[in-house]
Amino acid sequence: MELRYWSLLIFLGSIWGSAFMFIKIATPELGAVFLVQLRLALASLVFLPLLLRNKQLRLFKKSFKYILILSLTNTAIPFVLFSEASKGSDSNMLAILNSSTALMTMLIALFWLKEKIISKQVIGLLIGFIGIIILVNPSNSSIDPYSATICLAGSFCYAFSGVFIQKYCININKMVLIGWSLIFGTILLLPISLFNLPTSFPSNNAILSVLWLGVVSTGLSFIGYVRLIEKVGAVKTSTVAYFLPVFGIIWGNIFLNELVSFLIIVGCIMVLIGVFFATSNDQNLEAVDGK
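Quick note, the working numbering runs 84 ahead of the 1-based positions in the sequence shown.
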(Lines of atoms letter the chains of each structure in order from A and count residues from 1; the text may use other names and numbers.)
(Lines give C-alpha, C1' and ligand atoms only; values in the text may rest on other atoms or scores of the structure.)
Protein backbone atom coordinates (compact mmCIF):
# COMPACT_ATOMS: atom_id res chain seq x y z
CA MET A 1 0.00 0.00 0.00
CA GLU A 2 1.33 3.45 -0.94
CA LEU A 3 2.59 5.88 1.70
CA ARG A 4 -0.23 8.34 1.03
CA TYR A 5 -2.84 5.69 1.82
CA TRP A 6 -1.02 4.69 5.01
CA SER A 7 -0.96 8.37 5.95
CA LEU A 8 -4.70 8.65 5.36
CA LEU A 9 -5.32 5.50 7.42
CA ILE A 10 -3.34 6.89 10.37
CA PHE A 11 -5.10 10.24 9.98
CA LEU A 12 -8.51 8.54 10.06
CA GLY A 13 -7.42 6.52 13.09
CA SER A 14 -6.43 9.69 14.92
CA ILE A 15 -9.77 11.35 14.15
CA TRP A 16 -11.89 8.34 15.10
CA GLY A 17 -9.76 7.79 18.18
CA SER A 18 -10.54 11.36 19.26
CA ALA A 19 -14.29 10.77 18.91
CA PHE A 20 -14.46 8.96 22.25
CA MET A 21 -12.91 11.95 24.00
CA PHE A 22 -15.49 14.32 22.54
CA ILE A 23 -18.30 11.88 23.43
CA LYS A 24 -17.02 11.97 27.01
CA ILE A 25 -17.08 15.78 27.01
CA ALA A 26 -20.52 16.31 25.43
CA THR A 27 -22.64 13.50 26.90
CA PRO A 28 -22.98 14.87 30.48
CA GLU A 29 -24.51 18.11 29.15
CA LEU A 30 -26.56 16.85 26.21
CA GLY A 31 -27.42 13.29 27.19
CA ALA A 32 -26.58 10.22 25.14
CA VAL A 33 -29.65 10.25 22.87
CA PHE A 34 -29.72 13.97 22.05
CA LEU A 35 -25.98 14.02 21.43
CA VAL A 36 -26.30 11.21 18.88
CA GLN A 37 -29.29 12.98 17.31
CA LEU A 38 -27.19 16.07 16.67
CA ARG A 39 -24.17 14.01 15.59
CA LEU A 40 -26.18 12.09 12.99
CA ALA A 41 -27.98 15.19 11.76
CA LEU A 42 -24.71 17.05 11.14
CA ALA A 43 -23.13 14.04 9.44
CA SER A 44 -26.24 13.69 7.24
CA LEU A 45 -25.86 17.28 6.08
CA VAL A 46 -22.28 16.52 5.04
CA PHE A 47 -23.38 13.48 3.03
CA LEU A 48 -26.58 14.92 1.55
CA PRO A 49 -25.06 16.83 -1.43
CA LEU A 50 -23.38 13.60 -2.58
CA LEU A 51 -26.48 11.46 -2.07
CA LEU A 52 -28.90 13.67 -4.00
CA ARG A 53 -27.20 13.03 -7.31
CA ASN A 54 -29.38 11.09 -9.78
CA LYS A 55 -27.11 8.05 -9.84
CA GLN A 56 -27.04 7.81 -6.04
CA LEU A 57 -30.82 8.23 -5.81
CA ARG A 58 -31.35 5.30 -8.17
CA LEU A 59 -29.05 3.15 -6.06
CA PHE A 60 -30.89 4.24 -2.91
CA LYS A 61 -34.20 2.81 -4.12
CA LYS A 62 -32.63 -0.60 -4.65
CA SER A 63 -30.95 -0.62 -1.26
CA PHE A 64 -33.65 0.86 0.98
CA LYS A 65 -34.38 -2.22 3.14
CA TYR A 66 -30.68 -2.74 3.87
CA ILE A 67 -30.18 0.93 4.64
CA LEU A 68 -33.07 0.87 7.11
CA ILE A 69 -31.54 -2.03 9.06
CA LEU A 70 -28.06 -0.50 9.10
CA SER A 71 -29.41 2.86 10.22
CA LEU A 72 -30.26 1.13 13.49
CA THR A 73 -27.53 -1.49 13.89
CA ASN A 74 -24.58 0.49 12.51
CA THR A 75 -25.42 4.04 13.59
CA ALA A 76 -28.29 4.93 15.94
CA ILE A 77 -28.10 2.05 18.45
CA PRO A 78 -24.28 1.67 18.84
CA PHE A 79 -23.77 5.46 18.85
CA VAL A 80 -26.24 5.80 21.74
CA LEU A 81 -24.74 2.82 23.60
CA PHE A 82 -21.20 4.21 23.45
CA SER A 83 -22.41 7.66 24.49
CA GLU A 84 -24.32 6.18 27.42
CA ALA A 85 -21.28 4.09 28.37
CA SER A 86 -19.15 7.24 28.57
CA LYS A 87 -21.02 8.26 31.74
CA GLY A 88 -19.26 5.50 33.66
CA SER A 89 -16.08 5.07 31.68
CA ASP A 90 -12.93 6.88 30.66
CA SER A 91 -12.79 7.67 26.96
CA ASN A 92 -9.73 5.45 26.46
CA MET A 93 -11.71 2.40 27.62
CA LEU A 94 -14.42 3.14 25.05
CA ALA A 95 -11.79 3.20 22.32
CA ILE A 96 -10.18 -0.06 23.44
CA LEU A 97 -13.44 -1.99 23.87
CA ASN A 98 -14.58 -0.73 20.48
CA SER A 99 -11.74 -2.85 19.04
CA SER A 100 -13.53 -6.00 20.27
CA THR A 101 -15.77 -5.53 17.23
CA ALA A 102 -13.27 -7.52 15.14
CA LEU A 103 -13.38 -10.47 17.55
CA MET A 104 -17.17 -10.52 17.58
CA THR A 105 -17.26 -10.20 13.80
CA MET A 106 -15.25 -13.38 13.48
CA LEU A 107 -17.64 -15.28 15.75
CA ILE A 108 -20.76 -14.02 13.98
CA ALA A 109 -19.26 -14.82 10.56
CA LEU A 110 -18.39 -18.31 11.80
CA PHE A 111 -22.01 -19.14 12.60
CA TRP A 112 -23.86 -16.95 10.09
CA LEU A 113 -21.64 -17.13 7.01
CA LYS A 114 -20.18 -20.56 7.85
CA GLU A 115 -16.70 -19.15 7.34
CA LYS A 116 -13.82 -21.49 7.98
CA ILE A 117 -11.78 -20.78 11.08
CA ILE A 118 -8.13 -21.69 11.51
CA SER A 119 -6.20 -22.41 14.71
CA LYS A 120 -4.47 -19.02 14.60
CA GLN A 121 -7.85 -17.31 14.72
CA VAL A 122 -8.97 -19.39 17.70
CA ILE A 123 -5.80 -18.38 19.56
CA GLY A 124 -6.47 -14.74 18.62
CA LEU A 125 -10.02 -15.00 19.91
CA LEU A 126 -8.86 -16.40 23.25
CA ILE A 127 -6.12 -13.78 23.67
CA GLY A 128 -8.53 -10.98 22.73
CA PHE A 129 -11.22 -12.02 25.18
CA ILE A 130 -8.67 -12.45 27.98
CA GLY A 131 -7.70 -8.85 27.24
CA ILE A 132 -11.35 -7.79 27.50
CA ILE A 133 -11.70 -9.59 30.85
CA ILE A 134 -8.62 -7.76 32.14
CA LEU A 135 -10.10 -4.44 31.04
CA VAL A 136 -13.64 -4.89 32.42
CA ASN A 137 -12.77 -6.57 35.73
CA PRO A 138 -13.96 -4.69 38.86
CA SER A 139 -10.42 -3.75 39.93
CA ASN A 140 -10.14 -1.50 36.88
CA SER A 141 -11.54 1.82 38.09
CA SER A 142 -11.58 3.28 34.55
CA ILE A 143 -14.96 1.70 33.74
CA ASP A 144 -17.93 0.35 35.69
CA PRO A 145 -19.65 -2.99 34.87
CA TYR A 146 -22.78 -1.39 33.37
CA SER A 147 -20.78 0.83 31.02
CA ALA A 148 -18.55 -2.09 30.03
CA THR A 149 -21.63 -4.20 29.21
CA ILE A 150 -23.34 -1.64 26.99
CA CYS A 151 -20.01 -0.74 25.38
CA LEU A 152 -19.56 -4.39 24.34
CA ALA A 153 -23.19 -4.41 23.19
CA GLY A 154 -22.36 -1.47 20.91
CA SER A 155 -19.37 -3.36 19.55
CA PHE A 156 -21.65 -6.34 18.88
CA CYS A 157 -23.93 -4.05 16.84
CA TYR A 158 -20.97 -2.97 14.71
CA ALA A 159 -19.89 -6.60 14.29
CA PHE A 160 -23.38 -7.67 13.24
CA SER A 161 -23.52 -4.80 10.75
CA GLY A 162 -20.17 -5.76 9.23
CA VAL A 163 -21.26 -9.36 8.65
CA PHE A 164 -24.68 -8.19 7.42
CA ILE A 165 -22.99 -5.99 4.82
CA GLN A 166 -20.75 -8.86 3.77
CA LYS A 167 -23.73 -11.20 3.36
CA TYR A 168 -26.30 -8.92 1.71
CA CYS A 169 -24.62 -5.69 0.60
CA ILE A 170 -21.21 -6.69 -0.74
CA ASN A 171 -21.99 -5.21 -4.19
CA ILE A 172 -23.95 -2.18 -3.01
CA ASN A 173 -22.37 1.27 -3.30
CA LYS A 174 -20.86 1.99 0.15
CA MET A 175 -21.39 5.74 -0.11
CA VAL A 176 -25.12 5.15 -0.57
CA LEU A 177 -25.23 2.54 2.17
CA ILE A 178 -23.38 4.57 4.82
CA GLY A 179 -24.73 8.00 3.88
CA TRP A 180 -28.41 7.08 3.82
CA SER A 181 -28.07 4.98 6.97
CA LEU A 182 -26.90 8.15 8.75
CA ILE A 183 -29.91 10.06 7.44
CA PHE A 184 -32.42 7.39 8.43
CA GLY A 185 -30.69 6.97 11.77
CA THR A 186 -31.37 10.68 12.33
CA ILE A 187 -35.05 10.28 11.41
CA LEU A 188 -35.64 7.14 13.47
CA LEU A 189 -34.01 8.62 16.56
CA LEU A 190 -35.94 11.90 16.43
CA PRO A 191 -39.08 10.81 18.38
CA ILE A 192 -36.93 9.49 21.23
CA SER A 193 -34.75 12.61 21.21
CA LEU A 194 -37.76 14.84 21.78
CA PHE A 195 -38.20 13.19 25.18
CA ASN A 196 -34.49 13.48 26.02
CA LEU A 197 -33.78 17.17 25.52
CA PRO A 198 -31.07 18.81 27.68
CA THR A 199 -32.31 20.87 30.62
CA SER A 200 -29.90 23.76 30.02
CA PHE A 201 -28.01 25.35 27.16
CA PRO A 202 -24.73 23.48 26.54
CA SER A 203 -21.29 24.97 27.10
CA ASN A 204 -18.94 25.98 24.30
CA ASN A 205 -16.91 22.81 24.86
CA ALA A 206 -20.00 20.65 24.40
CA ILE A 207 -21.04 22.53 21.25
CA LEU A 208 -17.58 22.24 19.72
CA SER A 209 -17.51 18.54 20.62
CA VAL A 210 -20.82 17.96 18.80
CA LEU A 211 -19.58 19.83 15.73
CA TRP A 212 -16.40 17.75 15.66
CA LEU A 213 -18.30 14.48 16.14
CA GLY A 214 -20.89 15.24 13.48
CA VAL A 215 -18.98 17.08 10.78
CA VAL A 216 -15.45 15.69 11.11
CA SER A 217 -15.33 12.29 12.82
CA THR A 218 -18.60 11.03 11.30
CA GLY A 219 -19.37 13.03 8.15
CA LEU A 220 -16.05 13.86 6.48
CA SER A 221 -14.18 10.86 7.92
CA PHE A 222 -16.79 8.38 6.68
CA ILE A 223 -16.51 9.88 3.20
CA GLY A 224 -12.73 9.48 3.38
CA TYR A 225 -13.19 5.92 4.62
CA VAL A 226 -15.43 5.02 1.67
CA ARG A 227 -12.98 6.58 -0.79
CA LEU A 228 -10.15 4.60 0.77
CA ILE A 229 -12.10 1.35 0.39
CA GLU A 230 -12.49 2.16 -3.30
CA LYS A 231 -8.74 2.71 -3.68
CA VAL A 232 -7.13 -0.05 -1.59
CA GLY A 233 -9.97 -2.46 -0.73
CA ALA A 234 -12.00 -3.23 2.40
CA VAL A 235 -9.42 -5.49 4.03
CA LYS A 236 -6.50 -3.03 3.99
CA THR A 237 -8.81 -0.19 5.00
CA SER A 238 -10.06 -2.20 7.99
CA THR A 239 -6.58 -1.95 9.55
CA VAL A 240 -7.61 1.53 10.72
CA ALA A 241 -9.16 -0.31 13.70
CA TYR A 242 -5.65 -0.87 15.11
CA PHE A 243 -5.06 2.87 15.41
CA LEU A 244 -8.30 3.74 17.26
CA PRO A 245 -7.38 2.49 20.75
CA VAL A 246 -3.85 3.88 20.46
CA PHE A 247 -5.09 7.38 19.65
CA GLY A 248 -7.98 6.99 22.10
CA ILE A 249 -5.46 6.45 24.89
CA ILE A 250 -3.21 9.30 23.70
CA TRP A 251 -5.98 11.92 23.37
CA GLY A 252 -7.64 10.88 26.64
CA ASN A 253 -4.37 11.21 28.52
CA ILE A 254 -3.35 14.54 26.96
CA PHE A 255 -6.67 16.40 27.03
CA LEU A 256 -8.69 14.71 29.81
CA ASN A 257 -5.82 13.66 32.07
CA GLU A 258 -7.09 10.09 32.05
CA LEU A 259 -4.99 7.52 33.87
CA VAL A 260 -3.18 4.99 31.68
CA SER A 261 -2.70 2.13 34.14
CA PHE A 262 -0.71 -1.05 33.73
CA LEU A 263 -4.00 -3.00 33.41
CA ILE A 264 -5.16 -0.76 30.54
CA ILE A 265 -1.87 -1.16 28.66
CA VAL A 266 -1.81 -4.96 29.08
CA GLY A 267 -5.50 -5.32 28.19
CA CYS A 268 -5.17 -3.08 25.13
CA ILE A 269 -2.12 -4.97 23.84
CA MET A 270 -3.87 -8.33 24.31
CA VAL A 271 -7.01 -7.12 22.50
CA LEU A 272 -4.96 -5.82 19.56
CA ILE A 273 -2.91 -9.03 19.35
CA GLY A 274 -6.14 -11.00 19.46
CA VAL A 275 -7.65 -8.89 16.69
CA PHE A 276 -4.53 -9.36 14.56
CA PHE A 277 -4.66 -13.15 14.81
CA ALA A 278 -8.45 -13.37 14.65
CA THR A 279 -8.51 -11.51 11.32
CA SER A 280 -5.60 -13.38 9.75
CA ASN A 281 -7.50 -15.95 7.66
CA ASP A 282 -6.27 -15.03 4.18
CA GLN A 283 -8.97 -16.98 2.34
CA ASN A 284 -11.81 -15.19 4.08
CA LEU A 285 -10.12 -11.81 3.70
CA GLU A 286 -9.76 -12.32 -0.04
CA ALA A 287 -13.44 -13.12 -0.27
CA VAL A 288 -14.32 -9.83 1.43
CA ASP A 289 -12.28 -7.87 -1.07
CA GLY A 290 -13.83 -9.81 -3.94
CA LYS A 291 -10.51 -11.17 -5.24
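Using N, Cα and C, we set each Cβ at its ideal position, and we do this for glycine too.
Check, Outcome
"Endpoints, the alpha helix (DSSP H) within which A325 is located", "That residue, A325, is in no alpha helix (DSSP H); it is neither H nor E in DSSP."
"Nonlocal neighbours in the same chain, by C-beta distance under 8 Å from L304, ignoring five residues either side", "V130"
"Residues bridged to S173 [DSSP beta-bridge criterion]", "I227"
"C-alpha gap between E342 and L135, whole angstroms", "39 Å"
"Nearest candidate by alpha-carbon position, reference L236, set S223, T283, F213, I254", "F213"
"Identity of the residue in N176, M354, I254, F244 nearest L225 by Cα", "Position check: residue 225 holds Ser in this sequence, whereas Leu was assumed. The option with the nearest alpha carbon to S225 is N176."
"Straight-line Cα distance separating T159 from A325", "17 Å"
"Given 8 Å, three or more beta-carbon pairs between the region 152-167 and the region 263-271", "yes"
"Y309, buried or exposed, once every other Cβ within 10 Å from all chains shown has been counted against 16", "buried"
"Uninterrupted alpha helix (DSSP H) stretches inside the region 273-313 (no shorter than 4 residues)", "288-295"
"Cβ-based burial, P329 [other Cβ within 10 Å; buried from 16]", "buried"
"Among K204, E168, V120, Y230, nearest to L272 - alpha-carbon criterion", "V120"
"Beta-carbon proximity check, Y150 vs Y252, cutoff 7 Å", "yes"
"Touching by the beta-carbon criterion (3+ pairs, under 8 Å), the region 194-206 and the region 161-170", "no"
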